[in-house]
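Residue numbers (this note's numbering), protein chains in the order written: chain L, 5 to 325; chain G, 4 to 264.
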Ligand SMILES: Nc1ncnc2c1ncn2[C@@H]1O[C@H](COP(=O)(O)OP(=O)(O)OP(=O)(O)O)[C@@H](O)[C@H]1O
Ligand SMILES: [Mg+2]
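Put into structure tokens, the structure is as follows:
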């Protein structure tokens with residue numbers, strides 16, 4: 005009986021052959037960066053700096069996970085960063101109106117989830133291209149944020165929010181822990197639940213999924229809903245980090261979320277995805293920016309560096325196919 | 004008591020039909036894909052469905068397996084009228100399909116494809132996790148029960164050959180104690196040896212008691228493995244022949260319209 009049980013597991017050779025080589029590009033690049041920056045600047049590998057890198061990557065990790073769910077179904081959520089902005093502004097407005105921080109957080113997350121719901125309904129039920137729909141909600145959500153906030157940042161001075169980014173366990177702040185829990189949960193959902201298999205099936209072959217009874221519309225709705233919900237969580241982390249709710253457009257978060265997904269080896273055509281890949285991708289981008297700053301490279305060069313890394317990663321994954 | 008004459012299909016009284024389709028219609032906008040299809044499937048037999056490209060064969064079977072909803076007509080399964088709103092309902096009722104495009108997801112593994120749409124889960128209440136180990140070992144049984152040569156149930160479908168993919172799709176249709184297995188051109192893309200293997204699979208399924216509806220353009224194949232044949236022409240079912248009493252030429256005549264019906 006045990007022999008049968010072990011025979012069920014893939015052998016090492018098969019595992020190696022089936023190894024997702026494109027997905028190993030990001031960990032390799034991260035290692036390289038750590039070695040190079042560590043050698044170039046002795047402060048890079050201090051616990052204080054590692055704490056800063058983790059802290060800086062928490063929001064991006066959550067957004068990259070959100071983007072991964074949508075991309076796995078061969079879609080894209082261009083609205084993810086402005087949805088976060090809207091969530092943050094709603095949080096700030098509700099808090100400044102005198103409600104408790106709990107209610108403010110709930111309202112912010114609910115607002116972002118609602119945007120996800122709208123995306124899902126229009127893309128899945130209306131059958132309109134995701135690119136167009138989420139481009140529309142990108143604009144609508146950031147416009148709404150500007151209107152609600154009247155264009156001004158709203159300070160959110162709450163002990164809970166302060167603790168979220170400033171305290172924690174050792175070098176792991178609560179924000180980082182939230183991001184880690186999001187990543188682990190997402191991994192379980194993607195690989196250990198029915199929804200996970202179904203969304204990879206929809207991304208891989210919509211037709212095959214439909215013929216086998218997978219409810220495509222429901223799956224598509226779910227991923228945009230998840231994306232909105234996670235953008236809401238990211239909004240909480242953002243407000244905690246900044247100490248205020250700003251209606252600023254967070255375009256770099258959008259670009260970096262897609263970049264992290266690409267770096268993580270997730271296929272933009274859908275059907276193939278991991279969570280660990282984009283998470284490492286997000287860490288890579290945060291380390292890159294952090295290292296360049298330590299080395300005194302002007303901020304103006306950072307987007308350029310990020311762009312080069314992403315294009316290189318894209319080449320690498322193509323080369324390995 | 005009527006006597007069975009020539010190659011006509013025995014009447015309903017004389018024969019045990021699993022599935023009876025009467026006057027089924029389906030249009031896509033202005034395209035009348037199926038205008039009037041009435042066919043019956045005798046239990047435990049291989050029945051072929053023939054017709055030229057575009058005759059409406061795939062559309063007819065997609066109505067039977069819950070992918071399309073027919074515009075009119077009736078379908079009776081074991082004497083009970085049925086109407087399926089989804090593939091899942093048809094599968095639950097015992098109608099499985101091997102689609103023309105196989106309906107496999109390349110990036111998923113063999114076992115994931117075998118269980119697609121009806122994954123086994125374990126857990127409490129709303130928290131349900133996939134029973135991966137259970138599904139893997141059951142998938143191995145499904146594959147070995149049909150003596151299919153697939154490298155491993157954990158390999159991705161993308162890495163399989165055409166024949167292996169076909170076999171996986173058939174194993175998925177056959178592995179659930181189904182009553183009826185519908186196959187849409189299962190050997191169209193296969194070589195001689197792989198075709199022979201799939202034909203063996205089909206005979207095996209019939210011998211285990213399943214009813215098969217086989218769409219094929221290959222009349223030699225139909226003569227080899229089918230018991231009866233329905234012909235379709237321009238969206239209409241135009242006649243039935245017993246394989247034992249017909250010839251390839253007669254079938255060609257039915258399909259082209261040279262023989263009225
Ligand atoms: N989803 C659809 N939307 C619109 N038209 C369709 C659709 N499916 C089939 N048709 C049309 O219906 C007609 C019948 O097609 P069908 O696929 O049923 O033929 P077939 O007999 O299976 O042909 P083949 O032997 O080539 O597979 C064709 O004219 C086809 O273009
Ligand atoms: Mg067809």
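C-beta: ideal position from N, C-alpha, C; glycine also.
Given the structure is predicted, the values throughout are model-derived calculations rather than measurements.
- Within the chosen limit of 7 Å, ligand 2 does not reach the beta carbon of residue 169 of chain G with any heavy atom.
- Within the stretch 155–169 of chain G, those residues whose Cβ lies closer than 9 Å to any Cβ of chain L are, in chain order, 155, 156, 157, 158, 159 and 162.
- Proximity to ligand 2 was defined by a C-beta distance below 6 Å to any of its heavy atoms, and the residues meeting it, in sequence along the chain, are G/60, G/61, G/103 and G/187.
- About 20 Å separates the CB atoms of residue 99 of chain G and residue 198 of chain L; that is not less than 8 Å, and the two are not in contact.
- Assignment of beta-bridge partners to residue 35 of chain G by DSSP yields G/30.
- One finds 211 in chain L with Cβ atoms closer than 7 Å to the Cβ of residue 104 of chain G, taken in chain order.
- Listed along the chain, the chain G residues whose CB falls inside 9 Å of the CB of residue 265 of chain L amount to none; the nearest CB is some 16 Å away.
- Chain order gives the chain L residues near residue 89 of chain G as 217, where near means a beta carbon separation below 7 Å.
- In this structure the stretch 232–245 of chain L does not touch the stretch 38–47 of chain L; the number of beta carbon pairs closer than 8 Å is below three.
- Ligand 1 has a heavy atom closer than 7 Å to the beta-carbon of residue 34 of chain G.
- Under the DSSP assignment, residue 179 of chain G falls outside any beta strand (DSSP E); it carries neither an H nor an E label.
- Exclusion of residue 212 of chain L from the 7 Å shell around ligand 1 follows from its C-beta lying no nearer than that to any non-hydrogen atom of the ligand.
- Here the stretch 223–232 of chain G makes contact with the stretch 241–260 of chain G; the two share three or more CB pairs at distances below 8 Å.
- Counting only Cβ-Cβ distances below 8 Å, residue 198 of chain L has contacts in chain G at 122, 124, 131 and 133, in chain order.
- Using a Cβ distance threshold of 8 Å, residue 228 of chain L and residue 127 of chain L count as a contacting pair.
- In the DSSP assignment, the residues bridged to residue 49 of chain G are G/215.
- Under the three-state reduction of DSSP, residue 236 of chain G is assigned to strand.
- By the criterion of a C-beta distance shorter than 7 Å, residue 165 of chain L is surrounded in its chain by 105, 243 and 244, once the five residues flanking it on both sides are discounted.
- A distance below 8 Å separates the beta carbons of residue 175 of chain L and residue 54 of chain L.
- Here residue 106 of chain G carries a coil assignment [DSSP, helix/strand/coil].
- Counting only Cβ-Cβ distances below 7 Å, residue 115 of chain G has contacts in chain L at 201, in chain order.
- Separation of the CB atoms of residue 306 of chain L and residue 293 of chain L is rounded to 5 Å, and the pair is thereby assigned contact status at 8 Å.
- Under the three-state reduction of DSSP output, residue 122 of chain G falls in the coil class, being neither helix nor strand.
- Contacts with chain L at 8 Å (Cβ-Cβ) include residue 109 of chain G.
- In terms of Cα proximity to residue 92 of chain L, the closest of L/36, L/79, L/248 and L/280 is L/248.
- At least one heavy atom of ligand 1 is found less than 7 Å from the C-beta of residue 31 of chain G.
- Taking 7 Å as the cut-off, one finds at least one heavy atom of ligand 1 near enough to the beta carbon of residue 57 of chain G.
- Nearest neighbour of residue 227 of chain G by Cα position, chosen from G/124, G/50 and G/101, turns out to be G/50.
- Residue range 130–133 is occupied by the beta strand (DSSP E) that includes residue 130 of chain G, with no alpha helix (DSSP H) assigned at that position.
- Under the Cβ criterion of 8 Å, residue 101 of chain G is not counted among the residues facing chain L.
- Remark: the shortest separation between the CB of residue 260 of chain G and any heavy atom of ligand 1 does not fall under 7 Å.
- Within the stretch 60–92 of chain L, contact with chain G at the beta-carbon level (separation under 8 Å) is assigned to no residue.
- Taking CB atoms only, residue 276 of chain L has a neighbour in chain G less than 8 Å away.
- With fewer than three CB-CB distances shorter than 8 Å, the stretch 124–136 of chain G does not count as touching the stretch 169–176 of chain G.
- If only complete runs of 4 or more residues are kept, the stretch 132–168 of chain L shows the alpha helix (DSSP H) at 134–153, in order along the chain.
- The beta carbon of residue 94 of chain G falls within 8 Å of a beta carbon belonging to chain L, placing the residue at that interface.
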